[in-house]
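In what follows, a single structure is set out as structure tokens and then discussed.
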């Protein structure tokens, strides 16, 4: 069983269409992986996810290790059966979550000591344990344990984190036993192409079946993220899948597919849905806005998702004003449908040789977050980085 | 089109099986009506409700009048289309909700002046307006505007509320124009059979197509509710549907079906579901209980609802511990499935002539809330009544 096959490439960009094959099914790429952080895509049932035709979900090692814990997952026969999802799953290594805990964790070469956000209990997560947990969860694709330095770190910190990531990658490879799982390496190195190049060289010498680019989930800092993604992707072997971690706004997906990225995950589409922000081809629409109070048409008349086929914008507006639980689900269905169909359309355009035009048209028509919001978000982002 | 037909009666109890026919479909009785208070059965989509084979939903005039308001409902083409539910709907008159507002409302013969729980705005709800709202909502069965005295009121208060209810019932009949809606009268009179008898006489002389028994939604005070329900039901015309308002625990449903009640509604099954309390044939099980942490079987192995067919109790326990939105939906599906199937089983038993045995077996096997909980609930109930 070959993990990955590139089927089509683009003549003007680095975009490509391919297929990832796993024991739980095959995945056409480029692909977006909805988050099932705690074993549930927030507000959706497995049936909903099947109806959306999502091909692969992402589970979080950090969360699932703490709750329900490995014993329950083991007794359940693995994560697939626990959450009643029969399709492919990818699990992260827990690294990103642990490093996001900030003052609650300490890192040394052995691993990361951290305190649970649930009960404050102390845990040591090592590369070996990260693999053991992921073998128990039983995902189809699993990730090496990496150190993800904060985006505003000094060059030395980035270098140190990168080197540790490489040492940990070797330990992960040595520990990993299950032959029905593909273990991916994670390229680190911050925003320095010198470090990124070094990281690619070291990791490719270890010959992972696939590679992720970590440390670039930096929200609105597209000026930082785009060039590093583009150049790093170009350094990675063309025959193996490339996964850009934590990136998934519509404009980022279109941009980064053109760099040759095959896999994405991101909390954004589902998280903003629960805040009432819905994707349309023109940009984001906020359901709480009073302009929807009397809109008898669906939120996006071009959309054929369950939500838009069934309900008016006025009804969705009402559900959000009343904080009815159904609203969160209907908004999540719409946003995931939007993103998954965007991936399908990109794949189709790559196959048909029209991707460069598709990209240009989409980005011209899609209003990314407005100026005022972007300024606020940037300020918030900088404050958040300073606190880390 | 005949509204109601009794098809089977029971030789030892007053239970009966029948059919209510409405413009949006027919309803086998006895029937339980899930609450769609604000135009949504909390956490469920219309598809979920169809899968549960619920036959009729209940919408609340008070809530829908305040939000989204009549203009939106009118533009939507009525409540059915607004909420994308094609089956029958019953709306209450808003009376019960307004009277529950306590100090926020004042009542006189004209109607009830109340302040919105949303924005504090002042409104006057009269019998005429209650009918106008319900004609706009467009439910298949609508209710007369009544005054529901608090359960701990003095005899004079009950009498006054009852008399006002009768005067208002006449105004509702005079106002009501739509011929595709059945307008039901509501019997009041508290816990006095003298008053209840008088109320039945006055209302039946007005010849409503169906009758509700109001003022008996008193939680654990079964000692008060059961005898009044039994005797009042027996006074109501056998040829017309009888609706016991706000009652719907499993034991109350079985008991009151034996008194000849045909229709029920209650927040209990859906509300306790969102608290993690699930019905089983042995009684309520609380999903948060640690005994479910490792239970790989479904919460009720005898149940064939989507939740029990698909997920272990351990998974549901996990969702509730994590406060995942999916948990509320899965629990709601199970509890409504339990209640709706209980109604089916009772109907079947009535048709087959085995209802008395069914009732005996069910009540023997079903553990109502345990002693400690009951004492706490009773104390809470008394405190709540005192505050009114």
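Chains as they are written, first to last, in our numbering: chain A, 2 to 389; chain B, 2 to 389. Beta carbons are placed, not taken as given, at the ideal position from N, Cα and C, and that holds for glycine. A quick note: this is a predicted structure, and the numbers were derived from the prediction, not measured.
Close Cβ partners of residue 376 of chain B (< 6 Å) along its chain, the five nearest in sequence each way excluded:
Here residue 376 of chain B refers to the residue found at position 375 when the second chain is read from its first residue. Any reading at residue 376 of chain B needs caution, since the residue's pLDDT is 49, under 50, leaving its predicted position unreliable; the model's value is listed next. For residue 376 of chain B, where only same-chain residues beyond five positions count, there are no Cβ hits under 6 Å.
Could you list the residues in the region 316-329 of chain A with a C-beta less than 9 Å from some C-beta on chain B, going in chain order?
316, 318, 319, 320, 322, 323, 325, 326, 327, 328 and 329
Pull up the DSSP beta-bridge partners for residue 368 of chain A, would you.
In the first chain, the residue the question calls residue 368 of chain A occupies position 367. A:284.
Counting only beta-carbon atoms, is residue 36 of chain B nearer than 8 Å to chain A?
Position 35 of the second chain, counted from the first residue, corresponds to residue 36 of chain B. Not an interface residue.
Under a CB-based cut-off of 8 Å, is residue 312 of chain A close to chain B?
Taking the first chain and counting its residues from 1, one reaches residue 312 of chain A at position 311. So yes, residue 312 of chain A belongs to the interface.
Given a threshold of 16 other Cβ atoms within 10 Å of its Cβ, counted over all protein chains shown, does residue 12 of chain B qualify as buried or as exposed?
One-based indexing of the second chain puts residue 12 of chain B at position 11. The residue in question, residue 12 of chain B, is exposed, as its Cβ has fewer than 16 Cβ neighbours within 10 Å.
Listing by chain order, which chain A residues have their CB less than 8 Å from the CB of residue 76 of chain B?
As a working mapping, residue 76 of chain B is identified with position 75 in the second chain. Simply 295, 297 and 315.
Return helix, strand or coil for residue 335 of chain A, following the three-state DSSP convention.
Taking the first residue of the first chain as position 1, residue 335 of chain A is located at position 334. Residue 335 of chain A falls in the helix class under three-state DSSP.
So is residue 160 of chain A in contact with chain B if we call contact Cβ pairs under 8 Å?
Your numbering for residue 160 of chain A matches position 159 in the first chain. Answer no: the Cβ-Cβ gap between residue 160 of chain A and chain B never drops below 8 Å.
How long is the line joining the alpha carbons of residue 325 of chain A and residue 285 of chain A, rounded to whole angstroms?
Along the first chain, read from residue 1 onward, the residue named residue 325 of chain A stands at position 324. Along the first chain, read from residue 1 onward, the residue named residue 285 of chain A stands at position 284. Answer to the nearest angstrom: the Cα atoms are 21 Å apart.
Where does residue 119 of chain B fall in DSSP's three states?
By one-based count along the second chain, residue 119 of chain B stands at place 118. Reduced to three states, the DSSP call for residue 119 of chain B is coil.
Shorter than 8 Å from the beta carbon of residue 44 of chain B to some beta carbon of chain A?
Against the second chain, residue 44 of chain B aligns to sequence position 43. Yes - at least one Cβ of chain A is within 8 Å of the one on residue 44 of chain B.
Interface flag, residue 85 of chain A vs chain B, CB-CB below 8 Å:
In the first chain, residue 85 of chain A corresponds to position 84, counting from 1. Output row for residue 85 of chain A: interface = yes.
Beta-carbon gap between residue 260 of chain B and residue 237 of chain B smaller than 8 Å:
Here the question's residue 260 of chain B lines up with position 259 in the second chain. Here the question's residue 237 of chain B lines up with position 236 in the second chain. The answer is no: Cβ separation not under 8 Å.
Just reading off the alpha helix (DSSP H) that residue 244 of chain A is part of, what are its end residues?
The residue you call residue 244 of chain A lines up with position 243 of the first chain. Not the alpha helix (DSSP H): residue 244 of chain A falls in the beta strand (DSSP E), residues 243-245.
How would you write the range of the alpha helix (DSSP H) that residue 66 of chain B sits in, first residue to last?
In the second chain, the residue the question calls residue 66 of chain B occupies position 65. Here the alpha helix (DSSP H) through residue 66 of chain B covers 62-67.
Helix, strand or coil, according to DSSP, for residue 22 of chain B in the structure here?
Numbered from its first residue, the second chain carries residue 22 of chain B at position 21. Residue 22 of chain B: strand per DSSP, three-state reduction.
Residues of chain A with CB closer than 7 Å to the CB of residue 39 of chain B, please, in chain order.
As a position in the second chain, residue 39 of chain B is number 38, starting the count at 1. Near residue 39 of chain B (Cβ distances below 7 Å), the residues of chain A are 323 and 325.
Taking just the CA atoms, how far does residue 73 of chain A sit from residue 288 of chain A?
Taking the first residue of the first chain as position 1, residue 288 of chain A is located at position 287. Taking the first residue of the first chain as position 1, residue 73 of chain A is located at position 72. Answer to the nearest angstrom: the Cα atoms are 39 Å apart.
Going by the CB atoms, is the gap between residue 207 of chain B and residue 174 of chain B shorter than 8 Å?
Residue 174 of chain B sits at position 173 when you count from the first residue of the second chain. Residue 207 of chain B sits at position 206 when you count from the first residue of the second chain. Their beta carbons are under 8 Å apart, which means residue 174 of chain B touches residue 207 of chain B by this criterion.
Between residue 134 of chain B and residue 172 of chain B, what straight-line distance do the alpha-carbon atoms span, to the nearest angstrom?
In the second chain, residue 134 of chain B corresponds to position 133, counting from 1. In the second chain, residue 172 of chain B corresponds to position 171, counting from 1. Using only the alpha carbons, I get a separation of about 14 Å.
Local Cβ density within 10 Å of residue 338 of chain B, reported as buried at 16 or more and exposed below that
Here residue 338 of chain B corresponds to residue number 337 of the second chain, with the count starting at 1. Buried is the call here.
Indicate whether residue 176 of chain B and residue 129 of chain B have their beta-carbon atoms separated by less than 8 Å.
Numbered from 1 along the second chain, position 175 holds the residue referred to as residue 176 of chain B. Numbered from 1 along the second chain, position 128 holds the residue referred to as residue 129 of chain B. In contact: residue 176 of chain B and residue 129 of chain B (Cβ atoms closer than 8 Å).
To the nearest angstrom, how far is the alpha carbon of residue 6 of chain B from that of residue 347 of chain B?
For this step, residue 6 of chain B is matched to residue 5 along the second chain. For this step, residue 347 of chain B is matched to residue 346 along the second chain. Taking the straight line joining both Cα atoms gives about 17 Å.
Counting only beta-carbon atoms, is residue 32 of chain A nearer than 8 Å to chain B?
For this step, residue 32 of chain A is matched to residue 31 along the first chain. No - not a single Cβ of chain B is within 8 Å of the one on residue 32 of chain A.
For residue 30 of chain A versus residue 4 of chain A, is the C-beta spacing smaller than 8 Å?
Looking up residue 30 of chain A in the first chain gives position 29. Looking up residue 4 of chain A in the first chain gives position 3. No, Cβ-Cβ distance for residue 30 of chain A and residue 4 of chain A is not below 8 Å.
Can you give, in chain order, each stretch of the beta strand (DSSP E) that sits fully within the region 223-265 of chain B and has at least 3 residues?
243-245
Within chain A, the residues that residue 68 of chain B reaches when beta carbons sit closer than 9 Å
Mapped onto the second chain, residue 68 of chain B falls at position 67. Under the 9 Å cutoff, chain A gives 319, 322 and 323.
Whole angstroms are fine: how far does the CA of residue 66 of chain B sit from the CA of residue 120 of chain A?
What you label residue 120 of chain A is simply residue 119 of the first chain in a count that begins at 1. What you label residue 66 of chain B is simply residue 65 of the second chain in a count that begins at 1. If you take the alpha carbons of residue 120 of chain A and residue 66 of chain B, they lie about 44 Å apart.
With a threshold of 8 Å between beta-carbons, can residue 73 of chain B be considered close to chain A, or not?
The residue given as residue 73 of chain B occupies position 72 in the second chain. With 8 Å as the cut-off, residue 73 of chain B counts as an interface residue toward chain A.
Quick one: what does DSSP say residue 164 of chain A is sitting in, helix, strand or coil?
If you number the first chain from 1, residue 164 of chain A lands on position 163. Residue state, collapsed to three classes: helix.
Residues in the same chain with beta-carbon distance under 6 Å from residue 113 of chain B, minus the five sequence neighbours each way, listed in chain order, please.
Here residue 113 of chain B corresponds to residue number 112 of the second chain, with the count starting at 1. For residue 113 of chain B, where only same-chain residues beyond five positions count, the Cβ hits under 6 Å are 99, 106 and 126.
In or out: residue 94 of chain B buried (at least 16 other Cβ within 10 Å) or exposed?
Counted from its first residue, the second chain places residue 94 of chain B at position 93. The residue is buried, with at least 16 neighbouring Cβ atoms inside 10 Å.
Taking Cβ positions, are residue 196 of chain A and residue 190 of chain A nearer each other than 8 Å?
In the first chain, residue 196 of chain A corresponds to position 195, counting from 1. In the first chain, residue 190 of chain A corresponds to position 189, counting from 1. Contact flag set, yes.
To test your reading of the DSSP string, which unbroken beta strand (DSSP E) runs of 3 or more residues are found completely within the region 155-208 of chain A?
183-188
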